[in-house]
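Anchor point for the sequence shown: position 145 equals 146 in this note's numbering, and the numbering is continuous, going up by one each time.
Each residue gets a CB set at the ideal place from its N, CA and C atoms; glycine is no exception.
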Amino acid sequence: MEIELSEDLQHYKESLVLGLTAKQFLFSALALGVGTGIVLLLYEKIGITLSCYVATPFVVPLALTGFYNYHGLTFWQFAGKMIYFSFFNSPLVYGSTESVQELKQIYMETRQEEEQEVQQRKKEQKKEKKGGDVNVVKKKAIRMGIVTVVMIVLGAAAAVWYKMYR
């Protein structure tokens with residue numbers, strides 16, 4: 002038996018403090034503590050701006066560890082995959098299983114099919130130029146007749162109205 006859950010219920014996260022999960026809260030506090038410590042240690046020697054720049058590479062990975070989630074991967078799993086695929090992934094080499102003669106035969110077959118389609122389209126265009134299907138021509142003629150009769154009746158009605166109410 003399979004019980005299906007709503008997407009909202011599958012991704013439900015219970016909040017601990019200020020709407021943050023326990024993991025998010027822990028890594029937020031850790032990142033804040035590390036950043037504050039680095040800035041307080043360095044701001045007298047190199048200034049507040051440079052000490053913030055020095056603290057950034059330490060704080061950002063900690064914050065991303067708590068918050069980042071991409072297709073079910075944590076930040077470190079995603080970073081590992083990116084490094085692996087960027088530097089250590091072996092290239093995929095395609096080896097064709099068809100010989101040159103088979104490829105030529107396939108090319109000739111597709112070319113013949115395309116030529117047949119072009120000839121078929123030309124035949125259809127000629128047929129449409131000659132008048133197309135008989136039923137289509139009949140329907141057009143009936144519609145034109147009805148429109149003509151309606152226009153004549155409307156013209157006569159307009160003439161009568163003009164003569165009587167002028």
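Reduced DSSP secondary structure (H/G/I, E/B, other) of V18: Correct three-state label for V18: strand.
Determine the DSSP secondary structure at L74, reduced to helix, strand or coil. strand
For a quick check, are the C-beta atoms of G81 and S29 less than 8 Å apart? no
Whole-Å CB distance - V40 paired with A56, under 8 Å assumed: 5 Å
On the premise that V60 lies in contact with A32, defined as a C-beta separation below 8 Å, what is that separation, rounded to the nearest angstrom? 5 Å
Can you tell me the Cα-Cα spacing of F79 and Y85, whole angstroms? 10 Å
Give a yes or no on whether the C-beta atoms belonging to V18 and F26 are separated by under 8 Å. yes
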